[in-house]
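Asker: Structure in structure tokens, see below.
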Amino acid sequence: MKLFGIAFWVTILAQMVIRAPLNKKRRLEKMSEQQITGQEKSILGLLFLGGFLLPLLYSTTSWLDFANYNLPGWAGWIGVVLIAGALYVFWRAHADLGLNWSPTLEIREKHELITRGIYGVIRHPMYASQWILAIAQPLLLQNWLVGFANLIIFVPFYFLRVQAEEKMMQDSFGDQYREYMKKTGAVLPKLG
Ligand code: SAH
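Right under this line is the structure:
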């Protein structure tokens with residue numbers, strides 16, 4: 004496996020390590036609202052394909068080699084810098100959101116609206132980190148099929164998810180969330 008492929012997998016592994024303790028603790032939580040539509044399940048499945056299964060095939064077999072391309076070394080290094088940043092944002096978001104995190108749209112009985120830490124700057128730091136990772140993927144996994152697979156699937160996921168999530172948060176937290184929206188950007192800090 005090439006150096007940049009290793010950097011990609013180290014990041015995926017680190018994300019799993021960051022999430023594992025929360026995943027374990029979440030199982031004991033009582034939920035007051037859970038929204039999982041068939042559409043969301045399909046997109047989550049596709050994200051797993053573009054962000055994990057295709058990269059795995061690329062890294063462990065030669066089946067997809069026909070679609071490989073070669074970028075100059077500096078492009079791969081830009082990818083490494085990007086995923087290091089993505090990992091930092093991912094870690095901060097999990098540290099600040101704690102047990103309020105969930106893979107699908109959920110409100111737990113003891114849900115707290117987090118507006119501190121990285122959530123005081125942007126509302127969707129985890130999705131921001133997934134944006135950066137999806138943009139870095141074609142620089143790290145230099146293959147037309149594998150490099151862009153994550154980005155192509157993540158773009159519709161992001162817009163559908165944020166729309167549904169912000170509606171759910173407004174239904175649950177009302178004006179408190181609307182005020183919070185005025186002060187923060189979605190994935191980029193609000194200027195001014
Ligand atoms: N969109 C956020 C969180 C993703 S996890 C991010 O990108 O970082 C999705 C869950 O987080 C949702 O089910 C919702 O219950 C919860 N959530 C989102 N924003 C929140 C906030 N500011 N405070 C508490 N919970 C939040």
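Residues in the sequence shown are numbered consecutively from 4, following the working numbering. Beta carbons: idealized from backbone N, C-alpha and C, even for Gly.
Which same chain residues end up closer than 8 Å to Leu100 when comparing Cβ atoms and leaving out the 5 residues on each side of it in sequence?
Answerer: Ile117, Tyr122 and Met129
Asker: If you measure from the CB of Ile117, is any heavy atom of the ligand SAH nearer than 6 Å?
Answerer: yes
Asker: Name the DSSP bridge partner or partners of Arg111?
Answerer: Met34
Asker: For the ligand SAH, I want to know if Met184 counts as a neighbour, meaning its beta carbon is within less than 6 Å of at least one of the ligand's heavy atoms.
Answerer: no
Asker: Alpha carbons only, please: which of Ala167, Lys113, Gly53 and Val165 is nearest the one belonging to Gln198?
Answerer: Outside the displayed span of the chain (4 to 195) sits residue 198, for which this structure offers no information.
Asker: Considering only heavy atoms of the ligand SAH, does any lie closer than 6 Å to the CB of Glu169?
Answerer: no
Asker: Below 7 Å CB to CB, which residues in the same chain sit around Tyr61 once its five sequence neighbours on both sides are set aside?
Answerer: Leu67, Leu144, Asn146 and Val149
Asker: What is the rounded straight-line gap between the Cα of Gly195 and the Cα of Thr187?
Answerer: Near 11 Å, if we compare the C-alpha coordinates of Thr187 and Gly195.
Asker: Closest to Leu163 by C-alpha separation, out of Phe69, Ile39 and Val84, would be which residue?
Answerer: Ile39
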